[in-house]
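What follows is a single structure, written as structure tokens, with notes after it.
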Amino acid sequence: MNFSEMKDQAINGVKWYFNRNWNRDDVMNMDEISDELHSTLEMIHSVLILFMGYLVIYSQEILYDANFGDIDFVNCTFTVFFHFPGIMIHATRLYLQGEQQEQN
């Protein structure tokens, strides 16, 4: 996909987001959703919960450091956003190694 196609897709996505022609019946629709959509939403929900938990745990460490006057906001912010991907990659590698050992 080249840049112009990506740009057109992004513009159409924004247009559809602001297209508010739905009513209350559309919101209250209780039809089943596809398994693929359900698994995607479940994955997004899980990642958001994990990230919120990570922020809560890390904020406790920031508050603990603040009691001793040992806090640097910029350093703490960089740590939150730069260490989390490394933690997730490490956890994914461990999970995949466990899966591989179970298959053997």
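Residues in the sequence shown are numbered consecutively from 1, following UniProt numbering. We put the beta carbon where it would ideally sit given N, CA and C, even for glycine. All figures in this text were calculated on a predicted structure; none of them were measured in a lab.
- Below 8 Å, too few C-beta pairs join the segment 13-32 and the segment 40-47 to call them touching: fewer than three.
- In the structure shown, the three-state DSSP call for asparagine 75 is helix.
- For asparagine 12, the enclosing alpha helix (DSSP H) has its first and last residue at 3-18.
- For a cut-off of 8 Å, the C-beta gap from cysteine 76 to isoleucine 62 is around 5 Å, short enough to register as a contact.
- The beta carbon of glycine 53 sits closer than 6 Å to no other beta carbon from its chain once the five residues preceding and following it are set aside.
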